[in-house]
Amino acid sequence: MNWNDVTLSAPSNVEEANIAIYPNPVSNGTLFVNATSNVSLEIYSVLGKKVLTKSNISKSVDVSNLAKGCYILKIKDENNAVQTKKLIIH
């Protein structure tokens, strides 16, 4: 049996967006966005199904139509910098 040590990582030139999302967990149906520019976001179920897409967000997003549970949130700023977070709605 042969073993090789391999390190996997993302390319170093990928820029991560500097965007604050709160509150997390969400309990009142509103997700607030703190960013220096308008952003777009996509929310996915844990099964990978896209459940919400919003563009040109400056302050907040209504997520009250989403069922309670765990989601994946993908946020992109105007420079195409991306941030991915776990989002909990209860």
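Read in UniProt numbering, the sequence shown has 73 at position 73, and its numbers run on one by one without any break. We put the CB at the ideal spot given by N, CA and C, even for glycine. These numbers were taken from a predicted model, which means no experiment stands behind them.
Open item on the list: Quick check on DSSP: helix, strand or coil for lysine 54?
Closed with: Your numbering for residue 54 matches position 54 in the sequence shown. Three-state DSSP puts lysine 54 in a strand.
Task: Where the beta strand (DSSP E) through asparagine 34 begins and ends - done: Stepping through the sequence shown from its first residue, residue 34 is reached at position 34. 30 to 34 is the span of the beta strand (DSSP E), which, as asked, contains asparagine 34.
- [ ] Would you mind sorting valine 61 into buried or exposed? The rule is 16 or more other CB atoms within 10 Å of its CB.
- [x] In the sequence shown, counting from the first residue as 1, residue 61 sits at position 61. That one is buried.
Task: Contacts around proline 25, its chain only, beta-carbon distance under 7 Å, and the 5 residues preceding and following it disregarded - done: Along the sequence shown, one-based indexing puts residue 25 at 25. Only Ile88, Ile89, His90 meet the Cβ criterion.
TODO: May I ask which residues mark the beginning and end of the beta strand (DSSP E) holding residue 93?
DONE: Any answer about residue 93 is impossible in this case: the structure gives the chain only from 1 up to 90.
Open item on the list: DSSP three-state label for lysine 59, please.
Closed with: As a working note, residue 59 is residue 59 in the sequence shown. Residue state, collapsed to three classes: coil.
- [ ] With DSSP as the reference, label isoleucine 72 as helix, strand or coil.
- [x] Position 72 of the sequence shown holds residue 72. Isoleucine 72 falls in the strand class under three-state DSSP.
Open item on the list: From the DSSP secondary-structure annotation, give me the bridge partner or partners of leucine 87.
Closed with: For this step, residue 87 is matched to residue 87 along the sequence shown. The partner list for leucine 87 (beta bridge, DSSP) reads Tyr71.
Open item on the list: Tell me the rounded alpha-carbon separation between alanine 67 and threonine 53.
Closed with: Taking the first residue of the sequence shown as position 1, residue 67 is located at position 67. Taking the first residue of the sequence shown as position 1, residue 53 is located at position 53. Distance between the alpha carbons of alanine 67 and threonine 53 is about 15 Å.
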